[in-house]
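S.K.: Protein chains in written order, with full-length UniProt numbering: chain A, 1 to 327; chain B, 1 to 294.
Here a beta-carbon is modelled for each residue, glycine too, at the ideal position from N, C-alpha and C.
All values derive from a computational prediction rather than experimental measurement.
I have a structure here, written as C-alpha cells, and I will follow up with some questions on it.
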Amino acid sequence: MALTTAPDPTRRGTGSVRPDANRRGTGRIRHGEGLAGYVFLSPWLIGLMGITAIPMLLSLYLSFTNYDILTPWSEVEWVGLANYERMFTSDTSWWHSVRVTLSFALIAVPLKLAAALGVALLLNRAWRGVGLFRGLFYLPSLLGGSVALAIVWVNMFNRDGAFNSFLALFGIQGKPWVNDPDWALETLMVLAIWQFGAPMVIFLAGLKQVPTELYEAAAVDGAGKFRQFVNVTLPMLSPVIFFNLVLETINGFQGFTAAFVLSNGTGGPVDSTLMYTLNLYITGFTNLEMGYASAMAWVFLIAIAIITVIFFSTGRFWVHYSDGEDR
Amino acid sequence: MVADTVAPTVATRPQRPRSRSWLRLVVLLAIVAVVLYPLFWMIGTSVKSQEEIVNNIGLLPRNFTPGNYTDGWTNFDVSFARFFLNSAMVSLLTLVGNAVSCLLAAYAFARLRFRLRGLWFAVMIGTLLLPGHVLIVPQYILFRTLGLVGGEWPYLPLLIPQFLATEAFFVFLMVQFMRGIPRELDEAARIDGANAFGIFRHVILPLSRPALVTTAIFSFIWTWNDFFRQLVFLSELSDYTVPVALTLFIDSTSQSAVGPMFAMAVLSLLPVFLFFVAFQRMLVEGINTSGLKG
Chain A
1 MALTTAPDPT RRGTGSVRPD ANRRGTGRIR HGEGLAGYVF LSPWLIGLMG ITAIPMLLSL
61 YLSFTNYDIL TPWSEVEWVG LANYERMFTS DTSWWHSVRV TLSFALIAVP LKLAAALGVA
121 LLLNRAWRGV GLFRGLFYLP SLLGGSVALA IVWVNMFNRD GAFNSFLALF GIQGKPWVND
181 PDWALETLMV LAIWQFGAPM VIFLAGLKQV PTELYEAAAV DGAGKFRQFV NVTLPMLSPV
241 IFFNLVLETI NGFQGFTAAF VLSNGTGGPV DSTLMYTLNL YITGFTNLEM GYASAMAWVF
301 LIAIAIITVI FFSTGRFWVH YSDGEDR
Chain B
1 MVADTVAPTV ATRPQRPRSR SWLRLVVLLA IVAVVLYPLF WMIGTSVKSQ EEIVNNIGLL
61 PRNFTPGNYT DGWTNFDVSF ARFFLNSAMV SLLTLVGNAV SCLLAAYAFA RLRFRLRGLW
121 FAVMIGTLLL PGHVLIVPQY ILFRTLGLVG GEWPYLPLLI PQFLATEAFF VFLMVQFMRG
181 IPRELDEAAR IDGANAFGIF RHVILPLSRP ALVTTAIFSF IWTWNDFFRQ LVFLSELSDY
241 TVPVALTLFI DSTSQSAVGP MFAMAVLSLL PVFLFFVAFQ RMLVEGINTS GLKG
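What follows is the structure in C-alpha cells.
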C-alpha cells in the first residue's frame with residue numbers, strides 16, 4: 001500500500017531519544033512557527049468560517065423563520081418553533097421521507113456490507129487474477145453515484161428493461177418496477193448493493209491483517225471453516241466492519257441522485273422514493289420554503305449525530321481491537 | 001501453508017484446493033457477469049435503434065445505430081460539447097483547489113505547532129461526517145446574496161469552497177500521509193537554515209506527491225459525477241454540466257430520446273472509466289488507506 005507508512009500519533013511524549021524529544025515534551029512553540037501555522041491554515045480557517053460555520057448558524061436562525069428566497073430580509077418573520085412543530089405533527093410527507101430513508105439504509109446497507117464481505121472472503125487468497133477481480137468489482141463504486149448510471153438503472157428495471165427480459169427467460173411476467181410504489185425503492189437498493197466494491201476493498205485490507213497463526217491455532221483446536229470464520233475472522237475484522245457500517249449508513253442516509261433521476265425530482269411514484277435529502281431539495285429549491293428546509297436540515301444533522309453516537313457507544317461491546325492498535 | 005499433520009482437517013488439505021478454487025472461480029465469474037451486465041447493457045442500448053430498444057432483449061444490436069451519438073450530442077439547444085467543457089473545467093479547477101488548499105492545511109496540522117491546533121484538528125475531524133446536504137440552503141442564500149449565483153461566472157459557488165479546503169476527507173488523508181514522512185528530514189532542512197515555508201517547499205511538497213495524486217484523482221472523479229451541488233447552483237442551459245444536462249433527457253417525455261440518452265450516458269462515464277483504467281491500482285489502494293486509517 002503506497003500510502004500506509006504507519007502514522008505515528010504517539011510520537012509525542014514517548015520518551016524517545018530523538019533530538020527533538022525535549023522540545024516536543026515541553027509543548028513550547030518555536031518562534032515563528034505559530035504564525036506559519038496560521039498562514040498555512042488560513043484557507044481552511046476561512047472555509048470553516050465562511051462555508052461551514054456561518055452557514056450553519058444562518059440555517060439555524062432560518063429554521064425559526066418563514067424565509068423564502070423571494071421576500072426581502074426586512075420582512076422575514078420569526079415563527080419560533082412552528083417549522084419544527086409542522087414537521088413533527090402535521091407534515092405527512094416529511095414522516096414519509098423519514099420512513100423511506102430509514103428503510104433504505106436499514107435494508108440496503110447490511111446487504112451491501114454482506115455482499116462486500118462475502119466477495120472479499122472469496123478473493124482473500126493470493127492468486128493470479130485477484131487484482132483483476134478486485135478492480136472489476138470496484139468499478140461500480142466509481143460509476144454508481146452518477147446520473148448516467150441512475151438513468152441506466154431506471155431503464156433496466158422499466159417495462160422493457162433488461163431485468164424483465166431476464167425474468168422472461170424463466171417465464172416470469174415482469175412489470176415496470178420503477179413505476180410501482182411497492183418496488184421503486186427496492187430498485188434503488190439494488191443499485192446501492194451493486195456498488196459493494198468500495199467496502200469490499202476495505203474488507204480485503206482488513207482480512208490481510210488477520211494473522212494466519214490464529215487460523216492455524218483454531219484448526220489445531222479442531223475448528224472447521226465456519227467456526228474459524230465466526231471465532232477468528234469476525235472478531236478480528238470487527239473494527240473494519242464497524243468502520244464500513246458507520247460510513248455506509250451515513251452515506252445511505254444521503255442518497256439523492258438515483259432517487260432524483262428515478263422520480264424526475266418528485267420522489268414518486270407516490271412518494272415511494274422520497275429520500276430525506278430529496279425532500280429537503282424539493283422543500284428548499286422547488287417550493288422555496290427555505291426556512292422550513294433549514295429546520296429539516298437541522299433535524300437531519302442531529303439525527304446523523306445521534307446515530308453516530310449510538311454507533312460509537314454500542315461499538316464498545318462488539319468491536320474488538322487487538323493489542324498494539326491504538327484507538 | 002500448514003505443513004503439520006496434527007488435525008485431520010489439516011491432513012486432507014492438499015486434495016481440496018483444486019476443486020475449491022475451481023468452484024470459487026465459477027462463483028466469481030458469475031458475480032463479474034452480474035456486476036458488468038448493466039455496463040454492457042448500457043453500451044449495447046446506446047447503439048440500438050428505437051425499435052430495437054423495445055424489442056431486442058439481447059446485449060448486441062441487430063442494426064448498429066451509431067447515429068444515437070450524433071443525435072444525443074445535439075439533442076438540446078446547446079450541444080454536449082459545451083456541457084463536457086463545463087464539466088471538465090469545474091472538475092479540473094476543483095482538483096487544483098482541493099490539492100492546493102488541503103495540502104496547505106494538512107501541512108499545518110501534521111507538522112507545525114501553533115495555538116489551538118488540537119481544537120482545530122478536532123473541528124476538522126468533526127466536519128468529516130458533516131453531510132453536505134445540511135449546508136446547501138444557507139450556502140445558496142449566502143452565495144446568492146453575494147451575487148454569485150447565476151452571476152458573471154456561475155461556477156464560483158461550486159469552486160470557492162474547494163479552494164478553501166472544505167473537503168475534510170482530503171485534508172485528513174494528507175495529514176495521515178505526512179505523518180509518515182520522517183521528521184529527520186525536516187530537522188535536516190532546519191539545520192540548513194530552512195524555516196516552516198522552506199521545509200514545506202523543499203521537503204513536504206515533493207514527498208507528498210503520492211497523496212496529491214490520490215487527492216487529484218478522487219477529486220476529479222467525484223466532481224465529475226457530482227450532481228446535487230451542480231443542480232442547485234447552475235440554472236442557465238449553457239452553463240450546465242454533463243450530469244445536469246443528462247437529466248434533461250428525463251424531462252423530455254418522448255420515448256424517441258432513449259437511444260441518444262444512453263449514448264450521452266456512455267460518453268459521460270468515459271472519463272471516469274479512463275481514469276479507472278489508468279490508475280486502477282492507485283484508486284483501489286487509495287480508498288483502502290484512507291478507509292482503514294479513517
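1) Determine, using beta carbons only, whether B/P157 comes closer than 8 Å to chain A.
2) Please classify A/N279 as buried or exposed, where buried requires at least 16 neighbouring CB atoms within 10 angstroms.
3) One question on the structure: do A/V100 and A/L274 come within less than 8 Å of each other, judged by their Cβ atoms?
4) Flag this pair as yes or no: are the beta carbons of B/V272 and A/L143 separated by less than 8 Å?
5) Which bits of chain A does B/A194 rub up against, with CB to CB less than 9 Å?
6) Can you list, in chain order, the residues of its chain whose CB lies under 7 Å from that of B/S235, leaving out five sequence neighbours each side?
7) Please list, in chain order, the chain B residues whose beta carbon lies closer than 7 Å to that of A/G284.
8) If we call anything under 8 Å between Cβ atoms a contact, is A/V319 one with A/F242?
9) Looking only at C-alpha atoms, which of B/V96, B/T241, B/D226 and B/R111 sits nearest to B/P154?
10) Curious, which full-length alpha helix (DSSP H) runs of at least 4 residues does the segment 44-87 of chain B contain?
11) Taking 7 Å as the cut-off, is the CB of B/Y69 close to at least one heavy atom of the ligand NAP?
12) Would you verify that the beta carbon of B/Q280 is, or is not, closer than 8 Å to some beta carbon of chain A?
13) Please report the distance separating the alpha-carbon of B/S87 from that of B/M264.
14) Going along the chain, which residues of its own chain have a beta-carbon closer than 8 Å to the beta-carbon of B/I125, five neighbours each way excluded?
15) Let me check understanding here. Comparing Cα to Cα, which of A/Y138, A/H96 and A/V152 lies closest to A/A115?
16) Is it a yes or a no for the segment 240-260 of chain A touching the segment 164-173 of chain A, going by three-plus beta-carbon pairs under 8 Å?
17) Counting only Cβ pairs nearer than 8 Å, list the residues of chain A close to B/A165.
18) Is there a Cβ from chain A that is less than 8 Å from the Cβ of B/N225?
19) Between the segment 130-142 of chain B and the segment 63-70 of chain B, are three or more C-beta pairs nearer than 8 Å?
20) Determine whether the beta carbon atoms of A/S141 and A/G197 lie at a separation below 8 Å.
21) Could you compute how far the alpha carbon of A/A21 sits from the alpha carbon of A/T257?
22) Can you look up A/W127 in the DSSP assignment and give me helix, strand or coil?
23) Mind pulling the chain B residues with CB within less than 7 Å of A/W318?
24) Closer than 7 Å by C-beta to B/M178: which residues in its own chain qualify, once you throw out the five before and the five after it? Chain order, please.
25) Evaluate the contact criterion for the segment 159-167 of chain B versus the segment 42-55 of chain A: three or more CB pairs, one atom per stretch, below 8 Å.
26) So who's on the other strand from A/W78, going by DSSP bridges?
27) Residues of chain B with a CB under 8 Å from the CB of A/G267: which are they?
28) What's the gap between the Cα of B/M1 and the Cα of A/A218?
29) Could I get the ranges of all uninterrupted alpha helix (DSSP H) runs contained in the segment 88-112 of chain B, with 4 residues as the minimum, in chain order?
30) Out of A/G174, A/P235, A/L132 and A/G47, which one is the CA nearest neighbour of B/L104?
31) Would you call A/T286 buried or exposed, if buried means 16 or more other Cβ atoms sit within 10 Å of its Cβ?
32) Determine the contact status of B/L158 and B/V90, defining contact as a CB-CB distance below 8 Å.
33) Output the distance between the C-alpha atoms of A/I307 and A/G252, rounded to the nearest integer angstrom.
M.R.: With the given structure in hand:
1) The sequence position of residue 157 of chain B within the second sequence is 157, counting from 1. Residue contact with chain A for B/P157: absent (no Cβ-Cβ distance below 8 Å to any residue of chain A).
2) Here residue 279 of chain A is taken as the residue at index 279 of the first sequence, counted from 1. The residue in question, A/N279, is buried, as its Cβ has 16 or more Cβ neighbours within 10 Å.
3) The sequence position of residue 100 of chain A within the first sequence is 100, counting from 1. The sequence position of residue 274 of chain A within the first sequence is 274, counting from 1. Yes, the pair counts as a contact, with Cβ atoms nearer than the cut-off.
4) Translated into the one-based positions of the second sequence, residue 272 of chain B becomes position 272. Translated into the one-based positions of the first sequence, residue 143 of chain A becomes position 143. Contact flag set, yes.
5) Along the second sequence, one-based indexing puts residue 194 of chain B at 194. Residues of chain A with a Cβ closer than 9 Å to the Cβ of B/A194 do not exist, since the nearest Cβ in that chain sits about 11 Å away.
6) Residue 235 of chain B sits at position 235 when you count from the first residue of the second sequence. The residues are G150.
7) As a working note, residue 284 of chain A is residue 284 in the first sequence. What A/G284 touches in chain B: V137.
8) The residue you call residue 319 of chain A lines up with position 319 of the first sequence. The residue you call residue 242 of chain A lines up with position 242 of the first sequence. Yes. Within cutoff.
9) Here residue 154 of chain B refers to the residue found at position 154 of the second sequence. Nearest option by C-alpha distance: B/T241.
10) Counting only unbroken stretches of 4 or more residues, the alpha helix (DSSP H) elements lying wholly within the segment 44-87 of chain B are 50-55 and 67-73, in sequence order.
11) The ligand NAP is not part of this structure, which contains no ligands at all.
12) Within the second sequence, numbered from 1, the residue matching residue 280 of chain B stands at position 280. By this cut-off, B/Q280 is an interface position.
13) Translated into positions along the second sequence, residue 87 of chain B becomes position 87. Translated into positions along the second sequence, residue 264 of chain B becomes position 264. Distance between B/S87 and B/M264, taken at the CA atoms: about 14 Å.
14) Translated into positions along the second sequence, residue 125 of chain B becomes position 125. Within the same chain, B/I125 has close Cβ partners A168 and F172.
15) For this step, residue 115 of chain A is matched to residue 115 along the first sequence. Looking at the Cα atoms, A/Y138 is the closest of the given residues.
16) Contact fails: fewer than three Cβ-Cβ distances are below 8 Å.
17) Stepping through the second sequence from its first residue, residue 165 of chain B is reached at position 165. Chain order gives the chain A residues near B/A165 as P43, W44 and G47, where near means a beta carbon separation below 8 Å.
18) If you number the second sequence from 1, residue 225 of chain B lands on position 225. So, interface residue.
19) In short, these stretches do not touch, since the Cβ pair count stays below three.
20) One-based indexing of the first sequence puts residue 141 of chain A at position 141. One-based indexing of the first sequence puts residue 197 of chain A at position 197. Cβ atoms of A/S141 and A/G197: closer than 8 Å.
21) Mapped onto the first sequence, residue 21 of chain A falls at position 21. Mapped onto the first sequence, residue 257 of chain A falls at position 257. Caution is warranted here: a pLDDT of 38 is assigned to A/A21, below 50, making its placement in the model unreliable, and the coordinate value is therefore given only provisionally. Distance between the alpha carbons of A/A21 and A/T257 is about 51 Å.
22) Position 127 of the first sequence, counted from the start, is the residue given in the question as residue 127 of chain A. When DSSP states are grouped into helix, strand and coil, A/W127 belongs to the coil group.
23) Looking up residue 318 of chain A in the first sequence gives position 318. Neighbours of A/W318 on chain B: none; closest Cβ ~19 Å, over 7 Å.
24) Numbered from its first residue, the second sequence carries residue 178 of chain B at position 178. Cβ neighbours of B/M178 within its own chain (closer than 7 Å, five residues either side excluded): A106, Y107, A110, R111, I204 and S208.
25) By the C-beta criterion, the segment 159-167 of chain B is judged to be in contact with the segment 42-55 of chain A, since at least 3 inter-stretch pairs fall below 8 Å.
26) In the first sequence, counting from the first residue as 1, residue 78 of chain A sits at position 78. A/W78 is bridged by DSSP to A/T65.
27) Indexing the first sequence from 1 puts residue 267 of chain A at position 267. What A/G267 touches in chain B: nothing, since even the nearest Cβ is about 14 Å away.
28) Position 1 of the second sequence, counting from 1, holds the residue named residue 1 of chain B. Position 218 of the first sequence, counting from 1, holds the residue named residue 218 of chain A. Confidence at B/M1 is low in this model, with a pLDDT of 39, below 50, so the placement of that residue should be treated as unreliable; the coordinate-derived value is given next. Taking the CA atoms as reference points, B/M1 sits about 14 Å from A/A218.
29) Secondary structure in the segment 88-112 of chain B: no alpha helix (DSSP H) run of 4 residues or longer lies completely within the stretch.
30) Position 104 of the second sequence, counted from the first residue, corresponds to residue 104 of chain B. Comparing Cα-Cα distances from B/L104 to each of A/G174, A/P235, A/L132 and A/G47, the minimum goes to A/G47.
31) Your numbering for residue 286 of chain A matches position 286 in the first sequence. Flag for A/T286 reads exposed.
32) Indexing the second sequence from 1 puts residue 158 of chain B at position 158. Indexing the second sequence from 1 puts residue 90 of chain B at position 90. Against a cut-off of 8 Å, the Cβ pair of B/V90 and B/L158 comes out as a contact.
33) Mapped onto the first sequence, residue 307 of chain A falls at position 307. Mapped onto the first sequence, residue 252 of chain A falls at position 252. Here the alpha carbons of A/G252 and A/I307 stand approximately 12 Å from one another.
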